[in-house]
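Enquirer: Residues in the sequence shown are numbered consecutively from 12, following the numbering used here.
Cβ coordinates follow ideal geometry from the N, Cα and C atoms, glycine included.
Please find one structure pasted underneath; my questions will follow.
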Amino acid sequence: MVLAQLNNSRSSPCLREEISEAEAFLCEYRLVLCGGDGISGRECILVCEKKISRTSRLNRSIFNNPKGATGMMKKRKKKFIIAAILFIFLMLLVGSYMLNPQPVHAMMVDFSSMEERVEHVYVEPDIPVNMEDMILNDLTQSKERILEVFDGLQANPTILFVQSSKALEKYAQNNRTAQTYYTYWGHYIVVGPDGFNEDVIAHELLHSELRTRLMNKDKVPVWFDEGLATVVDHRYLRDESLNLDHINDLSSRDAFYEPSQVKENYEIAHSEVVRWFGIVGKSGLMELIEGLNQGGTFNELYKAIESRR
Ligand SMILES: [Zn+2]
């Protein structure tokens, strides 16, 4: 705006004075900003200087450095864009918190009354010491069970053990057993009082391990994810009489977790994955994961690996 006015002010006294081009430009610029029409070039500078001395530091820098004004506008634009992005991010965070606060609380566990007993393992302070010892022992044993399926542990989830109804509501969506939140910042396993045992803890740890090895992507059908988790969850037993032909009907979350079918679906998934894993073993599972990470298709890899054994 200011520069446009400069270009049009051909009758500016600045241009009539015997001053250098740079001085003339500066003079014109100051004239427009200071409103010094009707006075000569050198006078305008003097008038301007007086006005400048009364302006803010910000305005002074503009008067003294016309090119800086453009740079400053660019900087302001940049700051505005950054502020807008931060605002959108904040709104998304607030929105997700309003809709689903429990994962956000789990992520903020460091700022809660939960006590970190072992690295990344938090226990509600109200849990009695003897029960806490039992839980931590179950956790150690559960990690051993993961080694029945994988050669080592790569996942490093944050685990929260909660017992009170208040903590269950805060962290676990009132699920008294266990659930895992997969977030950009890591996996958060929340175990309730019905899950204080090796089966449940190992089950959730295995989900986290598989997800970590799959680079945090949904690359397997739900029946395989749950079936593999039940390999280390001894609440399930293989039932060879089950019909496993329609296992792929249980690939989606809606189909698998359909309330009237979910119990049977876990049994079907368990029986199918235990059958497959019994044939292909740890090496077959690793082959499957590597194939998926290289862009392979689950169904093709799953069948091909079994056929080669
Ligand atoms: Zn599960």
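1) Heavy atom of ligand 3 less than 6 Å from the Cβ of E269, yes or no?
2) Can you find the residues in the same chain that come closer than 6 Å, C-beta to C-beta, to I279, ignoring five residues on each side of it along the sequence?
3) Per DSSP, which one or two residues make a beta bridge with T194?
4) If I measure Cβ to Cβ from A315 and keep anything under 6 Å in the same chain, skipping five residues before and after, which residues do I get?
5) Please specify which runs of the alpha helix (DSSP H), each continuous and at least 4 residues long, are wholly inside the segment 235-298, giving them in chain order.
6) Leaving out the 5 sequence neighbours to the left and right, which residues in its chain are closer than 7 Å to E135 when beta-carbon positions are compared?
7) In this structure, how does DSSP classify T169 when only helix, strand and coil are distinguished?
8) Taking the alpha carbon of T188 as the reference point, which residue from I200, H245, T194 has its own alpha carbon closest?
9) Going by DSSP in three states, A189 sits in which element: helix, strand or coil?
10) Which residue or residues does DSSP assign as beta-bridge partners of E126?
11) For the 8 Å Cβ check, are there 3 or more pairs between the segment 221-229 and the segment 160-169?
12) Within 10 angstroms of its Cβ, does H257 collect 16 or more other Cβ (buried), or is it exposed?
13) I need the boundaries of the alpha helix (DSSP H) containing Q113, first residue and last residue.
14) To which residues does DSSP link V211 through a beta bridge?
15) Identify whether V160 lies in helix, strand or coil by the three-state DSSP scheme.
16) What are the residues that DSSP puts in a beta bridge with V202?
17) Taking all protein chains shown into account, decide if P168 is buried (16 or more other Cβ within 10 angstroms of its Cβ) or exposed.
18) Which whole-angstrom value is the C-beta distance of D149 and N208, which I expect to be below 8 Å?
19) For N276, is the classification buried or exposed, using 16 other Cβ atoms within 10 angstroms of its Cβ as the cut-off for buried?
20) Let me make sure I understand the geometry here. Which of R156, R286, L103, V129 has the alpha-carbon closest to that of D144?
21) In the DSSP assignment, find the alpha helix (DSSP H) that holds L225 and state where it starts and stops.
22) Got a sec? Which residues, its chain only, sit under 6 Å from D205 by beta carbon, not counting five neighbours each side?
23) Relative to the C-alpha of E317, which residue among S294, K181, Y195 is closest?
24) Please name the residue in I170, R264, P112, F100 whose C-alpha comes closest to that of D229.
25) For A315, report the span of its alpha helix (DSSP H) as first-last.
26) For Q152, which of helix, strand or coil comes out of DSSP?
27) How long is the line joining the alpha carbons of E311 and M226, rounded to whole angstroms?
Expert: To lay it out plainly:
1) In the structure on display, ligand 3 does not appear, and the ligands it does have are ligand 1.
2) On the sequence shown, residue 279 is found 268 positions in, with the first residue counted as 1. Correct list, in chain order: L253.
3) Walking along the sequence shown from the start, residue 194 turns up at place 183. In the DSSP secondary-structure assignment, T194 is bridged to G197.
4) Within the sequence shown, the letter at position 304 stands for residue 315. Apart from the 5 residues on each side of it in sequence, A315 has no Cβ closer than 6 Å to any other Cβ in its chain.
5) As for any alpha helix (DSSP H) of minimum length 4 sitting wholly inside the segment 235-298, the runs are 264-267, ordered along the chain.
6) As a first step, residue 135 must be located in the sequence shown, where it is residue number 124. Within its own chain, the residues whose Cβ lies closer than 7 Å to the Cβ of E135, once the five positions on either side in sequence are excluded, are M125, F172, V173, Q174, S175, A178, listed in chain order.
7) The residue labelled residue 169 in the question sits at position 158 within the sequence shown. Strand at T169.
8) Numbered from 1 along the sequence shown, position 177 holds the residue referred to as residue 188. Of I200, H245, T194, the residue nearest in Cα terms is I200.
9) Here the question's residue 189 lines up with position 178 in the sequence shown. In the structure shown, A189 sits in a strand (DSSP, three-state: E or B).
10) Within the sequence shown, numbered from 1, the residue matching residue 126 stands at position 115. Its beta-bridge partners are V134.
11) Touching, yes.
12) Position 246 of the sequence shown, counted from the start, is the residue given in the question as residue 257. Classification for H257: exposed.
13) As a position in the sequence shown, residue 113 is number 102, starting the count at 1. Annotation: the continuous alpha helix (DSSP H) that includes Q113 extends over 112-118.
14) As a first step, residue 211 is located in the sequence shown; it is residue number 200 there, counting from the start. DSSP output for V211 lists no bridge partner at all.
15) As a first step, residue 160 is located in the sequence shown; it is residue number 149 there, counting from the start. Of the three classes helix, strand and coil, the one that applies to V160 here is coil, per DSSP.
16) On the sequence shown, residue 202 is found 191 positions in, with the first residue counted as 1. Note: V202 sits in a beta bridge opposite F172, A189.
17) Within the sequence shown, the letter at position 157 stands for residue 168. The residue is buried, with at least 16 neighbouring Cβ atoms inside 10 Å.
18) Start at 1 with the first residue of the sequence shown, and residue 149 comes out as number 138. Start at 1 with the first residue of the sequence shown, and residue 208 comes out as number 197. The beta-carbon distance between D149 and N208, rounded to whole angstroms, is 6 Å. This is short enough to meet the 8 Å contact definition.
19) Reading the sequence shown from its first residue, position 265 is the one you call residue 276. Answer is buried; the Cβ neighbour count reaches 16.
20) Counting from 1 along the sequence shown, the entry for residue 144 is found at position 133. Distance check between D144 and each of R156, R286, L103, V129 places V129 closest, using alpha-carbon atoms only.
21) Numbered from 1 along the sequence shown, position 214 holds the residue referred to as residue 225. First-last for L225: undefined, no H or E at that position.
22) As a working note, residue 205 is residue 194 in the sequence shown. The answer, listed in chain order, is R187, T188.
23) To locate residue 317, count along the sequence shown from 1; it is residue 306. Nearest of S294, K181, Y195 to E317, Cα basis: S294.
24) Walking along the sequence shown from the start, residue 229 turns up at place 218. Selected option, being the one with the closest Cα: R264.
25) As a first step, residue 315 must be located in the sequence shown, where it is residue number 304. For A315, the uninterrupted alpha helix (DSSP H) run begins and ends at 309-318, by DSSP.
26) For the purposes of this step, residue 152 is taken as the residue at position 141 of the sequence shown. Reduced to three states, the DSSP call for Q152 is helix.
27) Here the question's residue 311 lines up with position 300 in the sequence shown. Here the question's residue 226 lines up with position 215 in the sequence shown. Each residue's Cα considered, the two are about 20 Å apart.
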